[in-house]
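Residue numbers (my numbering): 32 to 241. Using N, Cα and C, we set each Cβ at its ideal position, and we do this for glycine too. Before any comments, here is the structure.
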Amino acid sequence: MDPNDSPSSGPSVSDPRFWEALYHNESDHWELGSPAPPLVTHLRKDPPPKGKVAVLGCGRGHDARLFSKLGYEVWGFDFSETAINEARKIGGDQDGRLRFECRDIFKLSEIYPAFFDVIWEYTCFCAIDPKRRPDYVQTVLHLLKHGGHFLANFWPVREGTEGPPFPVTRSEIERLFGPFFSFLTAYEPSNSVPGRQGKEWFVYARPADH
């Protein structure tokens, strides 16, 4: 038995079976069915230079397809095989510019070290075990090329510990990312979807040594 399992609790969030069950039970309530509105707005107003993009925890790939349509070369990664299969069915591998891969994000830097120009984060950070958040920061750093760009829409921004989605505070974002990233912009989006207004924090940052 997996050490994170118990007969009563079932698989942990660090086990892909946890996420597979949510998809199979139609309990994927984080699903928007379209690209995140704050991302749409940011890419229209202040897009990063064209290049290779990693979408972490891409789900069905709506945000990944948006980047692809705007001319970026995109890799969408997710822990759930069901999510990746559904993302491919909706649309992937467009002229080789949009790929979906079932991966553990914490192992990505072994495969794609210093590979990406842009990393997009939305609903992945809140899905991982909070104890692994420092590992997440290091993963992003190791995936980005020198001079890369990190875009993130953190949610849910509030106090508390229960999840997923596991909450995060602005001070925690600054504490975790601040030593390694320079924040170019950070703001509360004005067009979050219903139920998420006032609970999101959009960050555009670059590694501190860029």
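Helix, strand or coil at residue i [DSSP, three-state]
i	result
Tyr143	coil
Thr216	strand
Pro161	helix
Arg237	strand
Val320	Because the chain here runs from 32 to 241, residue 320 falls outside it and cannot be looked at.
Asp94	helix
Asp148	strand
Residue i, enclosing beta strand (DSSP E) - first and last residue
i	result
Tyr26	Because the chain is modelled from 32 through 241, residue 26 falls outside the range shown and cannot be assessed.
Leu74	Element bounds for Leu74: not the beta strand (DSSP E) but the alpha helix (DSSP H), 68 to 76.
Ser202	Taken as a continuous stretch (DSSP letters only), Ser202 belongs to no beta strand (DSSP E), being part of the alpha helix (DSSP H) at 201 to 208.
Asn184	175 to 185
Proximity to residue i [Cα-Cα], best of the options
i	options	result
Ser45	Phe146, Phe110, Thr72	Phe110
Phe197	Pro225, Glu231, Asp160	Asp160
Pro68	Trp232, Val224, Asp240	Val224
Asp94	Val105, Leu87, Pro66, Ile115	Pro66
Gly179	Asp166, Glu104, Ala239	Ala239
Phe214	Trp232, Val199, Gly226, Ala85	Trp232
Phe147	Arg134, Arg201, Phe181	Phe181
Bridge partner(s) assigned by DSSP for residue i
i	result
Gly107	Val86, Phe131
Val188	Val199
Short CB-CB distance (under 7 Å) between residue i and chain E
i	result
Ser65	As a matter of chain content, chain E is missing from the structure shown, which is built from one protein chain.
Host alpha helix (DSSP H) of residue i (start-end)
i	result
Glu15	With the chain covering only 32 through 241, there is no way to say anything about residue 15.
Residue i CB to nearest heavy atom of the ligand GDP below 6 Å
i	result
Leu207	Here there are no bound small molecules, and the ligand GDP is not part of this structure.
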